[in-house]
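Its first residue numbered 13, the sequence shown is counted upward by one per residue in the numbering used here. We put the beta carbon where it would ideally sit given N, CA and C, even for glycine. Working notes, structure below.
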Amino acid sequence: MGPKAYDNDCYELEPEDCVLRQRADAKSTPIKKRIIICCDGTWQSAVSGKKNVPSNVTRLCRALNSTGTDKKNEKWQQVVWYDSGVGTTALAIGDAIEGATGVGLEGNVIEAYNFCIYCFGFSRGAYTARTIAGLISDIGICHKRDLNKFADLWQVYKAFKKEAGTRFHRSEAWYEWMWGKLDEGQGVGSDPQRKLVWAQRPQGEWAQKGSREVELVGVYDTVGALGMPEVMGVQLPSYLVAKHHGDWHNFPDIKHAFQALALDESRRAFAPVLFYIPKEDASEAEVEVKKRAEKEAEDKYWDCLEFAEKTKARSDATDQEVNDAAKNANLAAKNWNAASRDRVKYQNRKERNSTLKQVWFPGYHINIGGGSSDTLNNEGDMEEMSTITFSWMLDQIKPHLSIDERFILDEYRKRQRRFVDLNDTYLKWKAFNDARKAETWADWAWRNASSTTTALIHPLTPSKEVIPEKPAYEGLREYGWGIGQMKDSYTKMYWANLHHYRTPGQYATTKEGKTVKSLGDTCEYIHPVVNYRVEQTKEIHKKNPKIPAYKPRGAFYNRRKVVDQKTGRRFFEYDICGCPRPIEEWRLGGLDSYERLAITGEEAYKYVQELDDDLHTGIVTRPRTVLPHEDAPVKRPKKKEHKTQFECELAPATILHKFGSSTTVTEIEEDLFESHTSLESHSTHSQVQYVR
13 MGPKAYDNDC YELEPEDCVL RQRADAKSTP IKKRIIICCD GTWQSAVSGK KNVPSNVTRL
73 CRALNSTGTD KKNEKWQQVV WYDSGVGTTA LAIGDAIEGA TGVGLEGNVI EAYNFCIYCF
133 GFSRGAYTAR TIAGLISDIG ICHKRDLNKF ADLWQVYKAF KKEAGTRFHR SEAWYEWMWG
193 KLDEGQGVGS DPQRKLVWAQ RPQGEWAQKG SREVELVGVY DTVGALGMPE VMGVQLPSYL
253 VAKHHGDWHN FPDIKHAFQA LALDESRRAF APVLFYIPKE DASEAEVEVK KRAEKEAEDK
313 YWDCLEFAEK TKARSDATDQ EVNDAAKNAN LAAKNWNAAS RDRVKYQNRK ERNSTLKQVW
373 FPGYHINIGG GSSDTLNNEG DMEEMSTITF SWMLDQIKPH LSIDERFILD EYRKRQRRFV
433 DLNDTYLKWK AFNDARKAET WADWAWRNAS STTTALIHPL TPSKEVIPEK PAYEGLREYG
493 WGIGQMKDSY TKMYWANLHH YRTPGQYATT KEGKTVKSLG DTCEYIHPVV NYRVEQTKEI
553 HKKNPKIPAY KPRGAFYNRR KVVDQKTGRR FFEYDICGCP RPIEEWRLGG LDSYERLAIT
613 GEEAYKYVQE LDDDLHTGIV TRPRTVLPHE DAPVKRPKKK EHKTQFECEL APATILHKFG
673 SSTTVTEIEE DLFESHTSLE SHSTHSQVQY VR
């Protein structure tokens, strides 16, 4: 038997026509992969070849292990796709996004069903990361065998977004691409088989099951699309700019979303883009009604399609009858899609279980995302605030991704060592200059005469006097917890764009006439480091009036403690920047949190302990001492029976909760020694694919 005709250009092979031969491992289960897409800010490239300060996005790339395990103890490969953020043209950004959803993901790293998607970004990169998450939620990710269809789908997608600016998934364009559209002017035609003619041939389901789900999106201070062309010189493709509120970055397919926001940024063009969870809910009964309507519309479509096929097949059919049948089938298809879209909308409302947390930190745009060029000159806050926001983000993602805690610990050690070296250089230089200033005229004359005599007698012998190098920063630098000096970002360069103070609690709104309506819950919090900075800089200003006291920008600032009368829960809340409702203070994590690892300075520990006491958390965080240099040799400690209460000294997250308060120092040191040697025995760096 030969092949059986299926339609105009498709044939179905009978089983006896083909013997399928495959390797024994052809159907083996693909390795599970966590695909981590990281999009850096415009000026924060980690692959430029120039000396720079890594942004929090770059730090995250370097802080991920190559493999991790889930709650079922199953292994997942962690693959990082890094976009440097160098491109500033519409073509460059479009190519980066297309590459991430097409070539970068589809072609290189996705296999079968075993993958999860994570998106991270800062500034323009945050918008790009959220856009990629939106794209994945919109069109999904295909099987490798369907990659040849991506170019056509991408063109349909871009044409639709350019015109509509709304969600592509379950739109008419999406439906026509997947299920096809009959030619409404085909008539009887001359085909002897009298098959229906398609204006758009059906492509079938594109996305793999579950591939529209994005596991997590973590971003630092997302800058809106309109702000980028104004200031950064960045042009966004028109199909990436949503024309309607909420249609782009708030898909229900994003399971977890986290954002760190800059409280003090005031450049108008850098207005933040917040996530929100829509308020609408739906009952089970409402969903069932929509399901029945969808089923009726689907049955109607198949009946109309069957009728159109039979009409075309009739020998006595007229052109008008065939065209009318095709039109009716297309209309039934539109009705089916509309009913399906309606059902999905109500089902999403009922099943909505996304996690959203957005926290405001003191500082400007660059302080939140990290990578300031001022740090290279030992100016600004030396990445003090970006380390706090980075630690906060690590706490949010650690249930979902495997973090290389040795890297985090080494990074902390290097920061401390840098301050020690800076201060050593300054103190040597200061001591040298103070000694010179204290010299009498006779001492000065004797020293110079002695140097001159030595140079004449031994011209080839270098002088024994060592003149210390001039420090990059004149003064002692102290690495604190959010109290470093930050440079105002609203400089002369941006005056033409004007400024606008940020307004926590007043985003994700729409205006209906004169009424401002909330689109949903933004889940905003104020980080406790805000009030710590307010109180500490006030004291610093009293001692040194040249250093200004800090206060969040805006008309009003007030913090108070609240006790819920029903539950007894204690928390702090803020009236801040004209927000119409109080915003709750973020609660620090437990002893196993990276946030507590970032706490630095005696006053900071004291403040956090008072905060824990006020909130009745039962947590005692003890001051951490300076860590040894990363190049110091690792030695197995001698046995000691000296017992002490465990202090949070060397502790990355797993070490913090591993030991109890009665553990001996020796036991801790021995375990750290074993951890150190085992970590050095194999590579823990994640696989990183760098682009552009």
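For T612 and T633, the rounded distance between their alpha carbons: Within the sequence shown, numbered from 1, the residue matching residue 633 stands at position 621. Within the sequence shown, numbered from 1, the residue matching residue 612 stands at position 600. For T633 and T612, the distance between alpha carbons rounds to 11 angstroms.
Cα-Cα separation, D52 to A283: As a first step, residue 52 is located in the sequence shown; it is residue number 40 there, counting from the start. As a first step, residue 283 is located in the sequence shown; it is residue number 271 there, counting from the start. The alpha-carbon atoms of D52 and A283 are separated by roughly 18 angstroms.
Nonlocal neighbours in the same chain, by C-beta distance under 7 angstroms from T387, ignoring five residues either side: The residue given as residue 387 occupies position 375 in the sequence shown. The residues are V65, M394 and E395.
Backbone CA spacing between R179 and K170 [nearest angstrom]: Counting from one through the sequence shown, the residue named residue 179 turns up at place 167. Counting from one through the sequence shown, the residue named residue 170 turns up at place 158. Using only the alpha carbons, I get a separation of about 11 angstroms.
Environment of E614 [buried if 16+ CB atoms lie within 10 Å]: Within the sequence shown, the letter at position 602 stands for residue 614. E614 sits exposed, since fewer than 16 C-beta atoms from the chains shown fall within 10 Å of its C-beta.
Cβ neighbour criterion (16 or more within 10 Å) applied to Q332: Reading the sequence shown from its first residue, position 320 is the one you call residue 332. Q332 comes out exposed.
Coil, strand or helix - V575 by DSSP: Reading the sequence shown from its first residue, position 563 is the one you call residue 575. Note: V575 maps to strand in three-state DSSP.
Environment of T503 [buried if 16+ CB atoms lie within 10 Å]: On the sequence shown, residue 503 is found 491 positions in, with the first residue counted as 1. Exposed.
Terminal residues of the alpha helix (DSSP H) in which E403 lies: Along the sequence shown, read from residue 1 onward, the residue named residue 403 stands at position 391. In the sequence as presented, Glu is not what sits at residue 403; that position holds Ser. Unbroken alpha helix (DSSP H) run through S403: E396 to I409.
Start and end residues, alpha helix (DSSP H) containing C316: Position 304 of the sequence shown holds residue 316. In the DSSP assignment, C316 falls within the alpha helix (DSSP H) that extends over E296 to A325.
Where N64 sits in the DSSP three-state scheme: As a first step, residue 64 is located in the sequence shown; it is residue number 52 there, counting from the start. In the structure shown, N64 sits in coil (DSSP, three-state: anything other than H, G, I, E or B).
Residues bridged to Y586 (per DSSP): On the sequence shown, residue 586 is found 574 positions in, with the first residue counted as 1. Paired residues: R571 and I595.
Three-state secondary structure assigned by DSSP to C154: As a working mapping, residue 154 is identified with position 142 in the sequence shown. Correct three-state label for C154: strand.
Contact set for L434: own chain, Cβ-Cβ below 6 angstroms, skip 5 residues either direction: For this step, residue 434 is matched to residue 422 along the sequence shown. Excluding positions up to five away in sequence, the list reads R489.
For R418, the first and last residue of its enclosing alpha helix (DSSP H): Counted from its first residue, the sequence shown places residue 418 at position 406. Start and end: E417 to A450.
Residue burial classification, S295 (beta-carbon count within 10 angstroms, cutoff 16): Locating residue 295 in the sequence shown gives position 283, where the first residue counts as 1. S295 should be labelled exposed.
P560, buried or exposed, once every other Cβ within 10 Å from all chains shown has been counted against 16: Counting from 1 along the sequence shown, the entry for residue 560 is found at position 548. It is exposed - the Cβ of P560 has fewer than 16 other Cβ atoms within 10 Å.
Whole-angstrom distance between V575 and V541, CA atom to CA atom: Taking the first residue of the sequence shown as 1, we reach residue 541 at position 529. Taking the first residue of the sequence shown as 1, we reach residue 575 at position 563. In a straight line, the C-alpha of V541 is about 21 angstroms away from that of V575.
Counted within 10 angstroms of its Cβ, other Cβ atoms place S202 as buried (16 or more) or exposed: As a working mapping, residue 202 is identified with position 190 in the sequence shown. Its Cβ having fewer than 16 others within 10 Å, S202 is exposed.
Nearest-angstrom Cα separation, counted from D446 out to K75: As a working note, residue 75 is residue 63 in the sequence shown. As a working note, residue 446 is residue 434 in the sequence shown. A small fix is needed here, since residue 75 is Ala in this sequence, not Lys. Approximately 44 angstroms between the Cα atoms of the pair.
Inter-residue CB distance, I495 and I538 (contact presumed, cutoff 8 angstroms): Locating residue 495 in the sequence shown gives position 483, where the first residue counts as 1. Locating residue 538 in the sequence shown gives position 526, where the first residue counts as 1. About 17 angstroms separates the two Cβ atoms, so there is no contact after all.
Ordered list of alpha helix (DSSP H) runs contained in the region 150-230, each at least 4 residues: 162-176 and 184-191
Y130 and L439 closer than 8 angstroms at C-beta: Along the sequence shown, one-based indexing puts residue 130 at 118. Along the sequence shown, one-based indexing puts residue 439 at 427. Not closer than 8 angstroms, so no.
8 angstroms Cβ cutoff met for R279 and S501: In the sequence shown, residue 279 corresponds to position 267, counting from 1. In the sequence shown, residue 501 corresponds to position 489, counting from 1. Yes, Cβ-Cβ distance for R279 and S501 is below 8 angstroms.
Contact check, F373 vs L275, beta carbons under 8 angstroms: One-based indexing of the sequence shown puts residue 373 at position 361. One-based indexing of the sequence shown puts residue 275 at position 263. Yes, Cβ-Cβ distance for F373 and L275 is below 8 angstroms.
Identity of the residues DSSP links to C51 by a beta bridge: The residue given as residue 51 occupies position 39 in the sequence shown. For C51, which the question treats as bridged, DSSP gives the partners D95 and G133.
Beta-carbon gap between E225 and K267 smaller than 8 angstroms: As a working mapping, residue 225 is identified with position 213 in the sequence shown. As a working mapping, residue 267 is identified with position 255 in the sequence shown. Yes, they are a contact pair.
Where S385 sits in the DSSP three-state scheme: Taking the first residue of the sequence shown as position 1, residue 385 is located at position 373. Helix, per DSSP.
Span of the beta strand (DSSP E), counted from its first residue to its last, around S352: Position 340 of the sequence shown, counting from 1, holds the residue named residue 352. No beta strand (DSSP E) holds S352; the alpha helix (DSSP H) holding it covers D331 to E363.
Alpha carbon of R361 to alpha carbon of A185, nearest angstrom: In the sequence shown, residue 361 corresponds to position 349, counting from 1. In the sequence shown, residue 185 corresponds to position 173, counting from 1. The alpha-carbon atoms of R361 and A185 are separated by roughly 24 angstroms.
8 angstroms CB neighbourhood of T86 in its chain, flanking five on each side removed: Working through the sequence shown from its first residue, we reach residue 86 at position 74. Looking at the sequence itself, residue 86 is Glu, so the reference to Thr does not match. Closer than 8 angstroms at the Cβ level, and outside the excluded window around E86, lie K44.
Rounded C-alpha distance that separates G726 from D265: Lying before the first or after the last residue shown, residue 726 is absent from the chain, which here runs from 13 to 704.
Where Q8 falls, given that 16 or more other Cβ within 10 Å makes a residue buried: Only positions 13 to 704 of the chain appear in this structure, which leaves residue 8 out of reach.
Neighbourhood of A4 by C-beta, 6 angstroms cutoff - its chain only, sequence neighbours within 5 removed: Residue 4 lies beyond the residue range present for the chain, which begins at 13 and ends at 704; the question has no answer from this structure.
Sequence-distant residues of its chain with Cβ nearer than 8 angstroms to R582 (five each side left out): As a working mapping, residue 582 is identified with position 570 in the sequence shown. Cβ neighbours of R582 beyond the five flanking positions: K573, V574, V575, D576, D626, L627 and H628.
Y139, DSSP secondary structure in three states: Your numbering for residue 139 matches position 127 in the sequence shown. Y139: helix per DSSP, three-state reduction.
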